[in-house]
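Chemist: I'd like to ask you about the structure that follows.
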Amino acid sequence: MSMIAFNDKFDLAANIRCSDKSLTHRAFILAAIADGVSTISNVTFSQDVVSTIRALEALGAEIRIEGNSAAVKPIALPKSEVTINCGNSGTTARLLAGLVSGLGVKAVFVGDDSLIQRPMRRVVEPLRRLGAQIEYKPGSLFVCQGGSLHGAVINAEVNSAQVKSAVLLAGLFAEGQTEYIEQMPTRNHTELLLAELGADIKTSYKNGKYSVSVKKSRPNAFDVELPNDPSATAYSVALALLRGQENTFTNVLVNPTRMGFYNVLKRSGAKLSICNIHTVLGEQVGDICVKCSTLSPIAATAHDVCDGIDEIPLLATMALFIKGEHHFECVGELVHKECNRVEAIEHMANVVHQQCSFDGANLTVISDGVVPCGKRFKTFDDHRIAMCGAVLSIIAGSGCIDSAPFDISYPQFLDSLGIRPLKLGLIGTNILQSVSPRMQTYLAMQAGVCCSYGIVTLAADVSDAELLRVIDSYDGLNVTMPFKIRVAQLLNADIPAVNTVGKGIVPQSTDGYGLVHSLQKHGVDFVNKPLWIVGAGGAAQSCVSELLNYGCKMRVFNRTAQNARLLRDRYGLPDEVADPVGMLTFIPECTYEQGLSLPNSCKFVFISAYMGYSAIREKAEARGLTVVDGFEMNYFQGTVGFSLWTGTPVQDDYEGYLAYVKEFDYI
Ligand code: S3P
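In this note's numbering, the protein residues as written are 929 to 1595.
This is how it looks when you write it as structure tokens:
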């Protein structure tokens, strides 16, 4: 899990370095059933593509990878029973459902939480019509049980190239002819490649409908250098157009059934042209040139949507920056993608105070073209939504996304934009709920710094070597329990526990600063005063050590008396301290805390738990005492680490942070 904060800087590369994902899946699948060894080069091993490669290996293909090339020896004798893990990839699941049905293999298809919610009946039903035996079983996407296939005429029920491809792949193994008829022609890579590789396949138009017919046949082996992905290039094109830059992106697949995004933009005034067009394995490839353009409102027809379904969220993102009313026709399929992408678009529009509505088929965005900076965008763990969030943030001037699953389709995404975020994070155990990623990315947006902040969960018994390796792989890290003391020892710190480490900085604890600064902010008088400390863990220790620098006399209470004694002995604290002016608790809400009484001498309390219920907090509030919350201490301790890692001034605007937190409903 990693959040990323963006600033307004990017530097677009001409070669976006991302092989077209649709073509890459298909190249590997066809190579796996070709009549000899094929070689595929310029491959981007995105997670989706790797899912397909692993699945083909499970089926019996031998795939040798060297750098960004692969040699594929086809499946000789298919394995009899296999599990196909499709990960997040709908293309893997649906295309391989067709291949597996054709091969007659028994296979259980599984996938991640997003994939198992996506509709699969659309591919299962047509394959059943060809004679495939496919079942749904709880806990899996579907199970193929074999069955001998025969041709059939299938009319498409949804606009889906994946379904069409599944049927065509199965049709290569079926007796007789298999015909697939589409209302709206979808991307045609499978039929183009099959035709180019000598399979028995024909396309035609019948009564205005596009039809593909295939007969039993085997593709020839081939060698291909894959072109770049127009869907990935689209993010660079969007940035160039929104920033008014001129750029050329080379060696991009420009198949007309993938040009929806580009066609819509051209009609909105974008000066886009394609040159150096040539053919690779039956596919058109060229360079896409972008010139400075003024964009008018976007109108995407159902046809454009079909030719650019994956780019609709990006067009909607661009629409937010263009004043006017924007229309997207027949986008219902977006609901069934890696997340509900209609909801994701509505979220982005809402966050930047623009209007968005969806009537079940058509989407309208109304924007004044003014997009505020410093906002946080949910990605719904969807790679394309994350990339839209990045574009939105960059053009807005700053912004952040709550996860960065770019590797699903486009591992070089940030690299292609010339963006190298500073790599920050938090190590600990049980830290998934930590507020640090949100807080640190907020600080980054305020400072105009581009950084990622990740959660690195390690087992408590991780080896020293591994712990050091992880630390070394980050520019800056926060350290939390149970590693504060161990990391201090491993890095030879001159204090017993650290929470902040990083390249070129002295390992240190900023917890004490966070506490003292939050007390000072509330005007609390604690210098040279008696205090009661509740708790004896890492945070209590750091704070005791810091408060000693301010001459405080402290008594430690803890449910386990022995731990209280250890802390007392370590810092030479007295057994008794009378009339404390403040009580500071570093334990979670519990019966022990409820049993504590708040002395009459107390003027303030500090509650380390964030904004939650605490018996001491309640007692203090009832008496009208000052209450300092741990959330505030957390902010101030974080500001020091951020400043050290980034060389920016220490920030001091807790109220601004709180307003941001409230806006995004974090607590
Ligand atoms: C794809 C087809 C489209 C697209 C997906 C890739 C393909 O899905 O969204 O990213 O390679 O065939 P549908 O077939 O579900 O429209």
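The C-beta atom is built at its ideal place from N, Cα and C for all residues, glycine as well.
1) In angstroms, rounded to a whole number, what distance separates the CA positions of CYS1258 and ALA1244?
2) What span of residues does the beta strand (DSSP E) with ALA998 cover, start to end?
3) Using a threshold of 7 Å, is the CB atom of GLU1474 nearer than that to any non-hydrogen atom of the ligand S3P?
4) Start and end of the beta strand (DSSP E) containing PRO1458?
5) Near ASP1503, what residues of its chain come up, given a Cβ to Cβ distance below 8 Å and the 5 sequence neighbours on each side ignored?
6) Which same chain residues, not among the five before or five after ASN1278, have their C-beta less than 8 Å away from its C-beta?
7) Kindly provide the ranges of any alpha helix (DSSP H) runs that are 4 or more residues long and lie completely inside the region 1196-1237, ordered along the chain.
8) Determine the direct distance from the alpha carbon of SER1132 to that of THR1207, and round the result to whole angstroms.
9) In the DSSP assignment, find the alpha helix (DSSP H) that holds LEU1405 and state where it starts and stops.
10) Am I right that LYS1007 and VAL1033 are in contact with their C-beta atoms under 8 Å? What's the rounded C-beta distance?
11) Could you please give the first and the last residue of the uninterrupted alpha helix (DSSP H) stretch that includes SER873?
12) Run the CB neighbour count on PRO1054, radius 10 Å, all protein chains shown included, and call it buried at 16 or more, exposed below.
13) Just to check, is the beta-carbon of ASN1087 closer than 7 Å to a non-hydrogen atom of the ligand S3P?
14) Quick check on the burial criterion: 16 or more other C-beta atoms within 10 angstroms. Buried or exposed for HIS1275?
15) Using the beta-carbon count (16 or more within 10 Å), is HIS1281 buried or exposed?
16) Excluding the 5 residues preceding and the 5 following ILE1313 in the sequence, name in chain order all residues of the same chain whose CB lies nearer than 7 Å to its CB.
17) Any heavy atom of the ligand S3P closer than 7 Å to the beta-carbon of SER950?
18) Residues bridged to TYR1133 by DSSP?
19) DSSP state of PHE1334, grouped into three classes?
20) Classify CYS1471 as helix, strand or coil using the three-state DSSP reduction.
21) Whole angstroms is fine: what's the gap from ILE1595's alpha carbon to SER1295's?
22) Could you name the residues of the same chain whose beta carbon sits closer than 6 Å to that of GLU1517, not counting the 5 residues immediately before and after it, in chain order?
23) Is any non-hydrogen atom of the ligand S3P found closer than 7 Å to the C-beta of LEU1090, if you look at the structure I gave you?
24) So what does GLU1253 bridge to, in DSSP terms?
25) Is the closest heavy atom of the ligand S3P to the C-beta of GLU1110 under 7 Å?
26) With C-beta atoms as the reference, is SER1446 less than 8 Å away from MET1315?
27) Between LEU1170 and ILE1323, how many whole angstroms is the CB-CB distance? I'm expecting something under 8 Å.
28) So the alpha helix (DSSP H) ASP1151 belongs to, where does it begin and stop?
29) Assuming the contact rule is C-beta atoms closer than 8 Å, HIS1264 and ARG1046 should be a hit. Round their C-beta distance to whole Å, please.
30) Given this structure, state the Cα-to-Cα distance separating ALA962 from ASN1148, to the nearest angstrom.
31) Going by the C-beta, is ASP1238 closer than 7 Å to any heavy atom of the ligand PLP?
32) To the nearest angstrom, how far is the alpha carbon of ALA960 from that of VAL978?
33) Determine the contact status of VAL1298 and ALA1166, defining contact as a CB-CB distance below 8 Å.
34) Less than 8 Å between the CB atoms is what I'm expecting for PRO1349 and CYS1301, so what's the real figure, rounded?
35) Excluding the 5 residues preceding and the 5 following ALA1425 in the sequence, name in chain order all residues of the same chain whose CB lies nearer than 7 Å to its CB.
36) Could you tell me if LEU1405 is buried or exposed, where buried requires 16 or more neighbouring beta carbons within 10 angstroms of its beta carbon?
Modeler: Short version:
1) As a working mapping, residue 1258 is identified with position 330 in the sequence shown. As a working mapping, residue 1244 is identified with position 316 in the sequence shown. Computed Cα separation, rounded: 14 Å.
2) Counted from its first residue, the sequence shown places residue 998 at position 70. Element bounds for ALA998: 997-1001.
3) Within the sequence shown, numbered from 1, the residue matching residue 1474 stands at position 546. No, Cβ of GLU1474 sits at least 7 Å from all heavy atoms of the ligand S3P.
4) The residue you call residue 1458 lines up with position 530 of the sequence shown. First-last of the beta strand (DSSP E) with PRO1458: 1458-1462.
5) For the purposes of this step, residue 1503 is taken as residue 575 along the sequence shown, with counting starting at 1. Here the set comprises ARG1483, ARG1496.
6) Taking the first residue of the sequence shown as 1, we reach residue 1278 at position 350. Here the set comprises CYS1284.
7) 1230-1235, all fully within the region 1196-1237.
8) Looking up residue 1207 in the sequence shown gives position 279. Looking up residue 1132 in the sequence shown gives position 204. Each residue's Cα considered, the two are about 21 Å apart.
9) Within the sequence shown, the letter at position 477 stands for residue 1405. Unbroken run through LEU1405 is the beta strand (DSSP E), 1404-1407; no alpha helix (DSSP H).
10) Residue mapping note: residue 1007 aligns to position 79 of the sequence shown, counting from 1. Residue mapping note: residue 1033 aligns to position 105 of the sequence shown, counting from 1. Sure, about 7 Å apart at Cβ, within 8 Å.
11) Since the first and last residues shown for the chain are 929 and 1595, residue 873 lies out of range.
12) By 1-based counting over the sequence shown, the position of residue 1054 is 126. With 16 or more Cβ atoms within 10 Å of its Cβ, PRO1054 is classed as buried.
13) Counting from one through the sequence shown, the residue named residue 1087 turns up at place 159. Result yes, Cβ under 7 Å from the ligand S3P.
14) Position 347 of the sequence shown, counting from 1, holds the residue named residue 1275. So HIS1275 ends up on the buried side.
15) By 1-based counting over the sequence shown, the position of residue 1281 is 353. Residue environment for HIS1281: exposed (fewer than 16 other C-beta atoms within 10 angstroms of its C-beta).
16) Here residue 1313 refers to the residue found at position 385 when the sequence shown is read from its first residue. Excluding positions up to five away in sequence, the list reads PRO1241, CYS1267, ARG1269, ALA1272, THR1307.
17) As a first step, residue 950 is located in the sequence shown; it is residue number 22 there, counting from the start. Answer for SER950: yes, Cβ within range of the ligand S3P.
18) In the sequence shown, residue 1133 corresponds to position 205, counting from 1. Bridge partners of TYR1133: TYR1138.
19) Within the sequence shown, numbered from 1, the residue matching residue 1334 stands at position 406. Looking at PHE1334 - three-state DSSP - the assignment turns out to be helix.
20) Along the sequence shown, one-based indexing puts residue 1471 at 543. Reduced to three states, the DSSP call for CYS1471 is helix.
21) As a working note, residue 1595 is residue 667 in the sequence shown. As a working note, residue 1295 is residue 367 in the sequence shown. Confidence at ILE1595 is low in this model, with a pLDDT of 49, below 50, so the placement of that residue is unreliable and no value is reported for it.
22) As a working mapping, residue 1517 is identified with position 589 in the sequence shown. Excluding positions up to five away in sequence, the list reads TYR1541, SER1542.
23) Counted from its first residue, the sequence shown places residue 1090 at position 162. One detail in the question is off: residue 1090 reads as Gln in this sequence, not Leu. Answer for GLN1090: yes, Cβ within range of the ligand S3P.
24) Counting from 1 along the sequence shown, the entry for residue 1253 is found at position 325. Looking at the DSSP output, GLU1253 bridges to ILE1294.
25) Here residue 1110 refers to the residue found at position 182 of the sequence shown. No, since every heavy atom of the ligand S3P falls outside the 7 Å radius drawn around the Cβ of GLU1110.
26) As a working note, residue 1446 is residue 518 in the sequence shown. As a working note, residue 1315 is residue 387 in the sequence shown. Taking 8 Å as the Cβ cut-off, SER1446 and MET1315 do not qualify as a contacting pair.
27) Within the sequence shown, residue 1170 is the residue found at index 242, counting from 1. Within the sequence shown, residue 1323 is the residue found at index 395, counting from 1. At roughly 5 Å, the Cβ-Cβ gap stays under 8 Å, so LEU1170 and ILE1323 are in contact.
28) Here residue 1151 refers to the residue found at position 223 of the sequence shown. Looking at the DSSP string, ASP1151 is not in any alpha helix (DSSP H); the run it does join, the beta strand (DSSP E), is 1151-1153.
29) The residue given as residue 1264 occupies position 336 in the sequence shown. The residue given as residue 1046 occupies position 118 in the sequence shown. The Cβ separation is near 6 Å, so the contact holds.
30) Along the sequence shown, read from residue 1 onward, the residue named residue 962 stands at position 34. Along the sequence shown, read from residue 1 onward, the residue named residue 1148 stands at position 220. If you take the alpha carbons of ALA962 and ASN1148, they lie about 5 Å apart.
31) Among the ligands present in this structure, namely the ligand S3P, the ligand PLP is not found.
32) Residue mapping note: residue 960 aligns to position 32 of the sequence shown, counting from 1. Residue mapping note: residue 978 aligns to position 50 of the sequence shown, counting from 1. Cα to Cα, the separation comes out at about 14 Å.
33) Sequence index remark: in the sequence shown, residue 1298 carries index 370 (1-based). Sequence index remark: in the sequence shown, residue 1166 carries index 238 (1-based). No, they are not a contact pair.
34) Taking the first residue of the sequence shown as position 1, residue 1349 is located at position 421. Taking the first residue of the sequence shown as position 1, residue 1301 is located at position 373. With 8 Å as the limit, PRO1349 and CYS1301 do not qualify as a contact, their Cβ atoms being about 17 Å apart.
35) Counted from its first residue, the sequence shown places residue 1425 at position 497. LYS1412, ILE1413, ALA1416, SER1437, GLY1466, GLN1469, SER1470, listed in sequence order.
36) Taking the sequence shown and counting its residues from 1, one reaches residue 1405 at position 477. LEU1405 should be labelled buried.
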